[in-house]
Amino acid sequence: MSIEPITSLDEILPILTKCNLPVSDISASSPPLFFGVRVDSALAAVVGLELFESVGLLRSLAVSHVCRGRGHA
Numbered sequence: 585m586s587i588e589p590i591t592s593l594d595e596i597l598p599i600l601t602k603c604n605l606p607v608s609d610i611s612a613s614s615p616p617l618f619f620g621v622r623v624d625s626a627l628a629a630v631v632g633l634e635l636f637e638s639v640g641l642l643r644s645l646a647v648s649h650v651c652r653g654r655g656h657a
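Counting in my numbering, the final residue of the sequence shown is number 657, and the numbers go up one at a time with none missing.
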């Protein structure tokens, strides 16, 4: 298992939404950087990072309900 960049909002938005995290300000024109972990090719967890000059803001951290408590994320 490894962390990889995730660029598809079609993958990112559903997991954030199911975890009740805000998504209305995420757009294809200026998305934050997202990284994720896959289990059997499905996105198990995702974290977003917005960069501001020399600092970063943790955007969102979400773990799929089916992957929680299993040590995947």
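Glycine included, every Cβ here is placed at the ideal spot set by N, Cα and C. These numbers were taken from a predicted model, which means no experiment stands behind them.
Return helix, strand or coil for residue i, following the three-state DSSP convention.
i	result
residue 590	coil
residue 605	coil
Name the residue from the options whose alpha carbon lies nearest to the alpha carbon of residue i.
i	options	result
residue 652	591, 592 and 622	622
Exposed or buried, residue i, counting other C-beta atoms within 10 Å across all chains shown (16 or more means buried)?
i	result
residue 655	exposed
residue 600	buried
residue 587	exposed
residue 641	exposed
residue 629	buried
Looking at residue i and the ligand MN, is the gap between the Cβ and the nearest heavy atom below 7 Å?
i	result
residue 602	By its list of ligands, the structure shown contains no ligand whatsoever, and the ligand MN lies outside what it can speak to.
Extract the residue ranges of the beta strand (DSSP E) inside the region 608–647, only unbroken runs of 3 or more that lie entirely within it. Fully enclosed beta strand (DSSP E) runs of 3 or longer: 617–623, 626–636 and 639–647.
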